[in-house]
Structures are given as structure tokens and as C-alpha cells.
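There are 2 protein chains.
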Amino acid sequence: MSEQPGRRRDAAATRQALLDAAAKLFAERGFDRTTVRDIAKLAGANQSLLFRYFGSKEALFEAVIARSGREQLAATPPERLFSTSLRSMLAPEGNRNRALETYLRSSGSDGVAAAIRHEVGREYAGVLASLTDAPDAELRADLALAWLMGIALVREISGLEPLAGADPDDICRLVLAATKTLLERSE
Amino acid sequence: MSEQPGRRRDAAATRQALLDAAAKLFAERGFDRTTVRDIAKLAGANQSLLFRYFGSKEALFEAVIARSGREQLAATPPERLFSTSLRSMLAPEGNRNRALETYLRSSGSDGVAAAIRHEVGREYAGVLASLTDAPDAELRADLALAWLMGIALVREISGLEPLAGADPDDICRLVLAATKTLLERSE
DNA sequence: CTCGATTGTAAGCAGCTGCTTACAACGCTA
DNA sequence: TAGCGTTGTAAGCAGCTGCTTACAATCGAG
Chain A
1 MSEQPGRRRD
11 AAATRQALLD
21 AAAKLFAERG
31 FDRTTVRDIA
41 KLAGANQSLL
51 FRYFGSKEAL
61 FEAVIARSGR
71 EQLAATPPER
81 LFSTSLRSML
91 APEGNRNRAL
101 ETYLRSSGSD
111 GVAAAIRHEV
121 GREYAGVLAS
131 LTDAPDAELR
141 ADLALAWLMG
151 IALVREISGL
161 EPLAGADPDD
171 ICRLVLAATK
181 TLLERSE
Chain B
188 MSEQPGRRRD
198 AAATRQALLD
208 AAAKLFAERG
218 FDRTTVRDIA
228 KLAGANQSLL
238 FRYFGSKEAL
248 FEAVIARSGR
258 EQLAATPPER
268 LFSTSLRSML
278 APEGNRNRAL
288 ETYLRSSGSD
298 GVAAAIRHEV
308 GREYAGVLAS
318 LTDAPDAELR
328 ADLALAWLMG
338 IALVREISGL
348 EPLAGADPDD
358 ICRLVLAATK
368 TLLERSE
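Going down the list, the protein sequences come from chains A and B.
Just so you know, we're using this note's numbering here: the first sequence kicks off at 1 and counts up by one.
Just so you know, we're using this note's numbering here: the second sequence kicks off at 188 and counts up by one.
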């Protein structure tokens, strides 16, 4: 047990708690509708520490997105990225990948937040583009990514039925069949 | 000339100006990031009139969405709704259909705004579902709508290249080819 | 013209926002 | 144990938010 639970002053732990709380709230509410007070409260920390450790709300968002957005990207082989992301997005709330959700719910935000969204999006699309050798591979990848985003949007945010409550298997079947023409390598 | 341009007191005109200004700003910034002061300023009206005529910011949003969201829906035959919406979304900024954009940029908002989004989305999906006789027609329609939303999101909000700058014809070709398996009637 | 309702204006309220400051409690090192 | 940098706390600031109120200008009906 290298960790003392009773330790009352631990900058690293506080920092981590703030990061975790921010990740959760940004994913649930987006950038604009998440307040620094809520983050600090959920982390059990004083809100002024948030500014001491991260500088600003936007810098904290950057730290959150940079971490969560690239986790799945790094852990998944390209040829499975699309279906894995789709499945992860459709998974029950607990073990869902939050990168897309965070991305989505902060769609309205400008500034640094927008720049980071942009960057992570490009990385995703770059990997997807490697799946086809069509001359417009990157456009195809963007369209595939757009579908992922749209499904996440309609399911999680709009809650449109029957999509919101549909069986992940049914969704995967329909989507993967349709994207075959988009992302398959010509033989 | 039934209209006097110099008329200084005209409730109907003021109301309309507020509605137009709100439609523009909600589409550009979404619900949360649009302030009643900005709307009133753009409309050239006093902000307290906004509350006199519409009651609240959410009620004004409702009025805007109900109008713009259903215009295209009513004006387009079902079998062309998907491609028309797609093309309208890809059109240059001036004559673009703003319904999807408004919908998108307000994705983070709760309350009445969310309820209206939901309702308009259902109407769109209902029409799209009539295009196929598959037993899961509604799910297919939701997925098609989700793709529209996703493309709008990635193009207009994320600005991800090459999708954001791609030729509408190229996009249509790819998307319509892929959705053939989704929305076509079995023969 | 008179007067009451309609339309427009200016000011302000309470609450929230991101962020800062002044200060106290703590714990490591010497 | 003395001292000092680190960590945590409480209070507050200026600016913005949706919305309300009190009041002035204007109009049309009688």
C-alpha cells in the first residue's frame, strides 16, 4: 500500500480528482454548461485550486480531451477503429467511451475547446482514411466519422427513438453494411 | 403600398424582427450562447419587448424552431427529403437550410429546447421511414437522419477538412450510394 | 380634442460566471 | 524545533445572464 488514504495534503491526488471530475462533467454537459464550481465540488476540492493547477477552464478542458480522446485511438488497431468506436459508443453508460460524447456536447464552444476538438477529429479521420485506398480516402473517412458523431448525437443527446433504445447489434449491422461501400479496400 | 416604412410603432414588425434575429443567432451560436440582449440588438428592438411578445427565451426558441424546422419538411416530397436536406445543408451559407444547424448548435441545451428538438427530429424521421418497407424502417430512418446531423456537425461546427471544403456533389455521391442499402424499397 | 390602451425605453434586480486575492494550515528540510 | 515553501480555504470582484419594473411616447377610438 503505497498510498496513504488519510493523507490530507496531496497535490497530485487533488489534481487527478479535478481531472476526473472535469472529464465526467464535460462529457455529460459539455464545456459551456459545466462550471468550475461544479467541477471543484465534485472533486471535493476548492475551486481556486483548479486555477492554480490548470490555469483556466479551457486549459483544463484541453487536458481532459487530450487524455480521453487519444486513449481509444492508441489502443485500437485501425481496421477495427470504426466498429470498435461504434460499439463503444453504443455500450451501456458505465463503460462507454466518453471522447465522442465530450466532443459532441461541447460543439457549441469556441476558442481553445474548438481547436482541440478539431485536432482530435483529424487524428481519428487520419486513421480511418488508412482503411481504403480510394483516391478520396480522407473524405470517405470524414464521412464515416460524421456518421459516428451523428449517431452519438441522435442517441445520447437527442434521445430519438427508436435509435436511442435500439439493440447495438442491429445498429452495427445496418451501419457496417452501409459503410462497406465507403471504407472497404478495393480488391 | 400597404406598408408605411416610416411607421414608428408596429408590434407585428417588431415581433417579426425579433423572430428573424433570433433565428439567425440561434443557428449561428446555439441556444445557450445566444443572449436575449444580442437578439434584441440585432432586431433593433428593446430587449424587454422580447419578453412581452414571447414570454421567455425558451418560448422564443420554440417559435423559431417550430417555424424554420417545419418549412422544408412541408415543402419537400418524402422521396427527396434526404437528398434535398443533404444538398440544402451543403449549399453555400446564404441559402442554406438553418433547421439542422439550429438543432445542432443547441444540442447541449436542456428543457423546452430539448423537447422541441426531439419533436422536430421525430417528424423528420417519420417522413424518412416512409421510404423503405423494411420492418425496421424507423431505425433505418433514424440512422439516415443521424448521418445528416453528423455531416452537418463535422462540416459546419468542427470544420474538419477535407469534408468541410469538399464538393457537395462528391459528398452526395458517396452518401447516397451508402444509404441505398438503408432507405431503398425492396423490389 | 380626450383618454385609455398599445408600443417603446431605461434602469435595475438577483443570481451566476470565470477568476483573483489574502490568508491559514500543513509538512518537509535543516 | 524553526522556518519556509506547498497545499487548502474563504471571500470577493467585475462582468454577464434572463427577466422585471416603472415610466414615457405614440396611436386610435369616442
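Where a beta carbon is used, it is the ideal one built from N, C-alpha and C, also for glycine.
Because the structure is a prediction, the values reported are computed rather than measured.
Notebook entry, point to check: At a Cβ cut of 9 Å, what residues of the segment 33-59 of chain A count as close to chain B, listed as they run along the chain?
Noted result: Arg33
Check: Counting only runs that start and end within the segment 236-291 of chain B, where is the alpha helix (DSSP H) found for 4 or more residues in a row?
Finding: 244-262 and 265-277
Check: In this structure, does DSSP put B/Ala355 in helix, strand or coil?
Finding: Reading off the sequence, residue 355 of chain B comes out as Pro, not Ala. Looking at B/Pro355 - three-state DSSP - the assignment turns out to be helix.
Checklist line | Extent of the continuous alpha helix (DSSP H) run through B/Ile226 | finding: B/Ile226: member of the alpha helix (DSSP H) spanning Val223 to Ala230, first to last residue.
Checklist line | 7 Å Cβ cut-off: residues of chain A touching B/Ala312 | finding: In chain order: Leu160.
Next item on the list: Alpha carbon to alpha carbon, how far is A/Arg9 from A/Ser158? Give it in angstroms, no decimals.
Entry: 42 Å
Check: Could you give the residue range of the alpha helix (DSSP H) that holds B/Phe179?
Finding: Residue 179 of chain B lies beyond the range of chain B shown here (188 to 374); nothing can be said about it.
Note to self: Whole angstroms are fine: how far does the CA of A/Ala134 sit from the CA of B/Asp323?
What the structure shows: Distance between the alpha carbons of B/Asp323 and A/Ala134 is about 31 Å.
Next item on the list: With a 10 Å radius around its C-beta and 16 neighbouring C-beta atoms as the bar for buried, classify B/Lys367 as buried or exposed.
Entry: exposed
Margin query: Give me the residue from B/Val223, B/Lys211, B/Asp329 and B/Leu229 with the minimum Cα distance to A/Asp170.
Written below: Of the listed residues, the one whose Cα sits closest to A/Asp170 is B/Asp329.
Next item on the list: Measure the C-alpha to C-alpha separation of A/Glu184 and A/Leu128 and round it to an integer number of angstroms.
Entry: 11 Å
Next item on the list: Give every residue of the same chain whose Cβ lies closer than 8 Å to the Cβ of A/Ser83, excluding the five residues on either side of it in the sequence, and list them in chain order.
Entry: Cys172 and Leu176
Checklist line | Test item: CB-CB of B/Gly352 and A/Leu145 under 9 Å | finding: no
Next item on the list: Kindly list, in the order they appear in chain A, the residues whose Cβ is closer than 9 Å to that of B/Arg309.
Entry: Leu160 and Glu161
Next item on the list: Would you mind telling me which residues of chain A sit closer than 8 Å to B/Val341, beta carbon to beta carbon, in chain order?
Entry: Gly121, Asp142, Leu145, Ala146 and Met149
Notebook entry, point to check: Under three-state DSSP, which class holds B/Leu205?
Noted result: helix
Item checked: Host alpha helix (DSSP H) of A/Asp142 (start-end) -> Ala137 to Ala152
Checklist line | Whether B/Leu205 touches B/Phe241 by CB criterion (9 Å) | finding: yes
Next item on the list: Would you check if the distance between the CB atom of A/Thr14 and the CB atom of A/Ala43 is smaller than 9 Å?
Entry: Yes, the Cβ-Cβ distance between A/Thr14 and A/Ala43 is below 9 Å.
Check: So, is B/Arg304 buried or exposed, given that buried needs 16 or more other C-beta atoms within 10 angstroms?
Finding: Buried, by the Cβ-count rule.
Margin query: I'd like the list of long-range same chain contacts for B/Asp225, defined as Cβ closer than 7 Å, with 5 residues on each side in sequence excluded.
Written below: Leu212
Check: Taking 8 Å as the line, does the beta carbon of A/Glu28 fall inside it for any heavy atom of the ligand COA?
Finding: This structure lacks the ligand COA; in fact it carries no ligand of any kind.
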